[in-house]
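Enquirer: One structure, pasted below without further comment.
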Amino acid sequence: MITCPECEIGLPDGTRRCPMCDRLLSVRWLVLRTAGAVLLAAVLGLGLWGSGKIKNKLAWRQTTPADVYRAARAFVEKNPAVRGAVNFSKLEESQVERWDLKRWRVAGYVETQPKPGVKIRTLYFCVLRDNGGGNWTIEDLHFERLE
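Numbering (the numbering used here), first residue to last: 1429 to 1575.
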(Lines of atoms letter the chains of each structure in order from A and count residues from 1; the text may use other names and numbers.)
(Lines give C-alpha, C1' and ligand atoms only; values in the text may rest on other atoms or scores of the structure.)
Protein backbone atom coordinates (compact mmCIF):
# COMPACT_ATOMS: atom_id res chain seq x y z
CA MET A 1 0.00 0.00 0.00
CA ILE A 2 1.28 3.51 -0.89
CA THR A 3 0.16 6.91 0.34
CA CYS A 4 -0.34 10.04 -1.79
CA PRO A 5 1.83 12.78 -0.30
CA GLU A 6 -0.72 15.44 -1.34
CA CYS A 7 -4.04 13.92 -0.24
CA GLU A 8 -2.61 11.50 2.32
CA ILE A 9 -4.95 8.71 1.25
CA GLY A 10 -3.93 5.09 0.98
CA LEU A 11 -3.78 3.59 -2.50
CA PRO A 12 -2.99 0.08 -3.74
CA ASP A 13 0.57 -0.74 -4.86
CA GLY A 14 1.27 -0.03 -8.55
CA THR A 15 -1.00 3.05 -8.72
CA ARG A 16 0.68 5.65 -10.94
CA ARG A 17 -1.54 8.66 -10.32
CA CYS A 18 -3.67 9.67 -7.37
CA PRO A 19 -7.37 9.57 -8.38
CA MET A 20 -8.12 12.56 -6.12
CA CYS A 21 -5.39 15.11 -7.04
CA ASP A 22 -3.95 13.49 -10.23
CA ARG A 23 -0.42 13.66 -8.81
CA LEU A 24 2.17 11.31 -10.33
CA LEU A 25 3.04 8.74 -7.66
CA SER A 26 5.57 6.66 -9.58
CA VAL A 27 8.61 8.90 -9.20
CA ARG A 28 10.99 6.12 -10.18
CA TRP A 29 9.38 5.90 -13.63
CA LEU A 30 9.83 9.64 -14.17
CA VAL A 31 13.45 9.53 -12.99
CA LEU A 32 14.24 6.58 -15.27
CA ARG A 33 12.63 8.28 -18.26
CA THR A 34 14.56 11.53 -17.63
CA ALA A 35 17.86 9.67 -17.12
CA GLY A 36 17.26 7.72 -20.33
CA ALA A 37 16.62 10.92 -22.28
CA VAL A 38 19.79 12.53 -20.88
CA LEU A 39 21.82 9.42 -21.68
CA LEU A 40 20.45 9.31 -25.24
CA ALA A 41 21.27 13.00 -25.74
CA ALA A 42 24.81 12.40 -24.46
CA VAL A 43 25.34 9.44 -26.79
CA LEU A 44 24.05 11.44 -29.78
CA GLY A 45 26.23 14.42 -28.83
CA LEU A 46 29.33 12.23 -28.56
CA GLY A 47 28.49 10.64 -31.89
CA LEU A 48 28.22 14.02 -33.60
CA TRP A 49 31.43 15.24 -31.96
CA GLY A 50 33.23 12.08 -33.06
CA SER A 51 32.01 12.42 -36.63
CA GLY A 52 33.37 15.99 -36.67
CA LYS A 53 36.76 14.67 -35.53
CA ILE A 54 36.75 12.11 -38.32
CA LYS A 55 35.74 14.77 -40.86
CA ASN A 56 38.55 17.05 -39.68
CA LYS A 57 41.09 14.23 -39.95
CA LEU A 58 39.98 13.51 -43.51
CA ALA A 59 40.15 17.21 -44.42
CA TRP A 60 43.63 17.37 -42.87
CA ARG A 61 44.87 14.76 -45.32
CA GLN A 62 43.22 16.24 -48.42
CA THR A 63 45.49 19.28 -48.76
CA THR A 64 49.12 18.61 -49.65
CA PRO A 65 52.09 20.98 -49.38
CA ALA A 66 52.30 20.95 -53.19
CA ASP A 67 48.72 22.30 -53.41
CA VAL A 68 49.56 25.05 -50.95
CA TYR A 69 52.78 25.91 -52.80
CA ARG A 70 50.93 26.23 -56.13
CA ALA A 71 48.31 28.50 -54.56
CA ALA A 72 50.99 30.70 -52.94
CA ARG A 73 52.89 30.94 -56.20
CA ALA A 74 49.73 32.02 -58.05
CA PHE A 75 49.10 34.80 -55.50
CA VAL A 76 52.74 35.98 -55.65
CA GLU A 77 52.73 36.04 -59.47
CA LYS A 78 49.60 38.24 -59.48
CA ASN A 79 51.07 40.75 -57.04
CA PRO A 80 52.19 44.04 -58.64
CA ALA A 81 55.37 44.01 -56.53
CA VAL A 82 56.59 41.09 -58.64
CA ARG A 83 57.16 42.17 -62.24
CA GLY A 84 59.05 40.07 -64.71
CA ALA A 85 59.29 36.92 -62.61
CA VAL A 86 61.80 34.56 -64.18
CA ASN A 87 62.39 32.01 -61.45
CA PHE A 88 60.55 30.76 -58.37
CA SER A 89 62.02 28.72 -55.57
CA LYS A 90 61.07 25.09 -55.99
CA LEU A 91 58.84 23.31 -53.52
CA GLU A 92 61.88 21.64 -51.95
CA GLU A 93 63.55 25.05 -51.45
CA SER A 94 60.41 26.65 -49.97
CA GLN A 95 59.03 26.32 -46.48
CA VAL A 96 55.43 25.13 -46.31
CA GLU A 97 54.00 24.97 -42.79
CA ARG A 98 50.54 24.05 -41.60
CA TRP A 99 49.35 26.47 -38.93
CA ASP A 100 46.00 24.86 -38.24
CA LEU A 101 43.39 22.86 -40.09
CA LYS A 102 42.78 25.49 -42.78
CA ARG A 103 45.72 27.91 -42.57
CA TRP A 104 49.16 27.50 -44.08
CA ARG A 105 52.32 29.63 -44.21
CA VAL A 106 54.60 29.54 -47.25
CA ALA A 107 58.06 31.14 -47.49
CA GLY A 108 60.20 31.14 -50.60
CA TYR A 109 61.81 33.43 -53.14
CA VAL A 110 61.16 34.77 -56.60
CA GLU A 111 63.79 36.15 -58.97
CA THR A 112 62.83 39.02 -61.22
CA GLN A 113 64.69 40.56 -64.13
CA PRO A 114 63.77 44.26 -64.43
CA LYS A 115 66.56 44.86 -66.97
CA PRO A 116 68.58 42.50 -69.12
CA GLY A 117 71.47 41.09 -67.11
CA VAL A 118 70.07 42.25 -63.74
CA LYS A 119 68.38 39.72 -61.46
CA ILE A 120 66.79 40.64 -58.17
CA ARG A 121 65.85 38.01 -55.60
CA THR A 122 62.84 38.78 -53.44
CA LEU A 123 61.79 36.68 -50.47
CA TYR A 124 58.08 36.22 -49.93
CA PHE A 125 56.10 35.09 -46.91
CA CYS A 126 52.40 34.43 -47.21
CA VAL A 127 49.63 32.97 -45.10
CA LEU A 128 46.87 31.18 -47.00
CA ARG A 129 43.48 29.89 -45.94
CA ASP A 130 42.00 26.79 -47.56
CA ASN A 131 38.27 27.36 -48.10
CA GLY A 132 37.85 23.90 -49.60
CA GLY A 133 37.54 22.72 -53.16
CA GLY A 134 40.79 24.36 -54.26
CA ASN A 135 39.47 27.79 -53.25
CA TRP A 136 42.21 29.76 -51.47
CA THR A 137 42.26 33.18 -49.88
CA ILE A 138 45.35 35.06 -48.88
CA GLU A 139 45.46 36.41 -45.34
CA ASP A 140 48.91 37.98 -45.39
CA LEU A 141 51.67 38.56 -47.95
CA HIS A 142 55.07 40.18 -47.33
CA PHE A 143 58.03 40.76 -49.62
CA GLU A 144 61.65 41.36 -48.68
CA ARG A 145 63.98 42.39 -51.47
CA LEU A 146 67.57 41.13 -51.49
CA GLU A 147 70.04 43.00 -53.69
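Note that the Cβ used here is the ideal one computed from N, Cα and C, for glycine as well.
Counting pairs of Cβ atoms below 8 Å between the stretch 1460–1471 and the stretch 1519–1527, do you hit three or more?
Expert: Because the criterion of three Cβ pairs below 8 Å is not met, the stretch 1460–1471 and the stretch 1519–1527 do not touch.
Enquirer: Give the C-beta separation of L1519 and Y1497 to the nearest angstrom, bearing in mind that I take them to be a contact with Cβ-Cβ under 8 Å.
Expert: Along the sequence shown, one-based indexing puts residue 1519 at 91. Along the sequence shown, one-based indexing puts residue 1497 at 69. L1519 to Y1497, Cβ: 5 Å. Contact.
Enquirer: With a floor of 3 residues, list each beta strand (DSSP E) that falls wholly inside the stretch 1499–1547, ordered by position along the chain.
Expert: 1513–1516, 1523–1526, 1531–1543
Enquirer: Identify, in the order they occur along the chain, each residue of the same chain with its Cβ nearer than 7 Å to the Cβ of I1566, setting aside the five sequence neighbours on each side.
Expert: Sequence index remark: in the sequence shown, residue 1566 carries index 138 (1-based). Counting only residues of its own chain and dropping the five nearest sequence neighbours on each side, I1566 has a CB closer than 7 Å to the CB of F1503, C1554, L1556.
Enquirer: Taking 8 Å as the threshold (C-beta atoms), are L1574 and R1549 in contact?
Expert: If you number the sequence shown from 1, residue 1549 lands on position 121. If you number the sequence shown from 1, residue 1574 lands on position 146. For R1549 and L1574, yes; Cβs fall inside 8 Å.
Enquirer: The beta strand (DSSP E) that contains T1492, what's its start and end?
Expert: Numbered from 1 along the sequence shown, position 64 holds the residue referred to as residue 1492. Taken as a continuous stretch (DSSP letters only), T1492 belongs to no beta strand (DSSP E), as it is neither H nor E.
Enquirer: Mind checking T1491: buried by the 16 CB within 10 Å criterion, or exposed?
Expert: Here residue 1491 corresponds to residue number 63 of the sequence shown, with the count starting at 1. T1491 should be labelled buried.
Enquirer: Mind reading off the beta-carbon distance from G1438 to M1429? Whole number of angstroms is fine, and I expect it under 8 Å.
Expert: The count along the sequence shown starts at 1 and reaches residue 1438 at position 10. The count along the sequence shown starts at 1 and reaches residue 1429 at position 1. Correct: roughly 5 Å between the Cβ atoms.
Enquirer: Using CA atoms only, rank isn't needed, just tell me which of T1431, R1444, Q1541 is closest to R1511.
Expert: Mapped onto the sequence shown, residue 1511 falls at position 83. Of the listed residues, the one whose Cα sits closest to R1511 is Q1541.
Enquirer: Using a Cβ-Cβ distance under 8 Å, would P1542 count as near chain D?
Expert: The displayed structure is made up of one protein chain only, and chain D is not part of it.
Enquirer: So, with DSSP's three-state summary, where would you put R1461?
Expert: Working through the sequence shown from its first residue, we reach residue 1461 at position 33. Helix.
Enquirer: Beta carbon of A1513, beta carbon of V1538: below 8 Å?
Expert: Mapped onto the sequence shown, residue 1513 falls at position 85. Mapped onto the sequence shown, residue 1538 falls at position 110. It is a contact, given that the beta carbons lie within the stated cut-off.
Enquirer: Compute the beta-carbon to beta-carbon distance between C1435 and L1453, rounded to the nearest angstrom, for a pair I have assumed lies under 8 Å.
Expert: Within the sequence shown, the letter at position 7 stands for residue 1435. Within the sequence shown, the letter at position 25 stands for residue 1453. With 8 Å as the limit, C1435 and L1453 do not qualify as a contact, their Cβ atoms being about 11 Å apart.
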